[in-house]
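Our numbering numbers the first residue of the sequence shown as 19 and each following residue consecutively.
A virtual CB, placed ideally from N, CA and C, is assigned to each residue, including glycine.
Quick caveat, the model's predicted, so the values are computed rather than measured.
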Amino acid sequence: MSAGPLRAGDVVLLTREASPQFTRPLTVRVIRELTDRHPYAGWFWFEGYELNRRGAAVQQRELYALRAGVRWLSRAIREVPAGRRTPVPPVPARAGTR
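See the structure below:
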């Protein structure tokens, strides 16, 4: 997947492509991107949960990474706000049924 903004719930893989600090691959579920910090161009800070092999969160972390080196494993699913749902037309009643 392409390098774009992180969203809460995204699951990403961090390797040496993302930063030399990741000597072993690290799977992280994103909490939020930390936009109040001012890193070098192409780099960013974010908060996330380090995941174990079963996908369970084992540690909350603040991470610094090169955006182009982050690999998305899955994107968070976005729900449509209740007011924007397309109404479903009513089903017409058939003759002879109650």
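Supposed close pair Ala75, Arg47 - CB separation, criterion 8 angstroms: Against the sequence shown, residue 75 aligns to sequence position 57. Against the sequence shown, residue 47 aligns to sequence position 29. That belief holds up - the Cβ atoms of Ala75 and Arg47 are roughly 7 angstroms apart, short of 8 angstroms.
Rounded separation between Thr53 and Leu24 - CA only: Locating residue 53 in the sequence shown gives position 35, counting from the first residue. Locating residue 24 in the sequence shown gives position 6, counting from the first residue. Each residue's Cα considered, the two are about 11 angstroms apart.
Contact under 8 angstroms by Cβ, Trp91 with Val30: Along the sequence shown, read from residue 1 onward, the residue named residue 91 stands at position 73. Along the sequence shown, read from residue 1 onward, the residue named residue 30 stands at position 12. First, the amino acid is wrong: residue 91 is Leu here, not Trp. Yes, they are a contact pair.
Residue range of the beta strand (DSSP E) that includes Tyr67: The count along the sequence shown starts at 1 and reaches residue 67 at position 49. Its beta strand (DSSP E) spans residues 61-69.
Same chain, Cβ closer than 6 angstroms to Thr33, neighbours up to 5 away in sequence not counted: Residue mapping note: residue 33 aligns to position 15 of the sequence shown, counting from 1. Closer than 6 angstroms at Cβ, skipping near neighbours: Phe40, Pro43.
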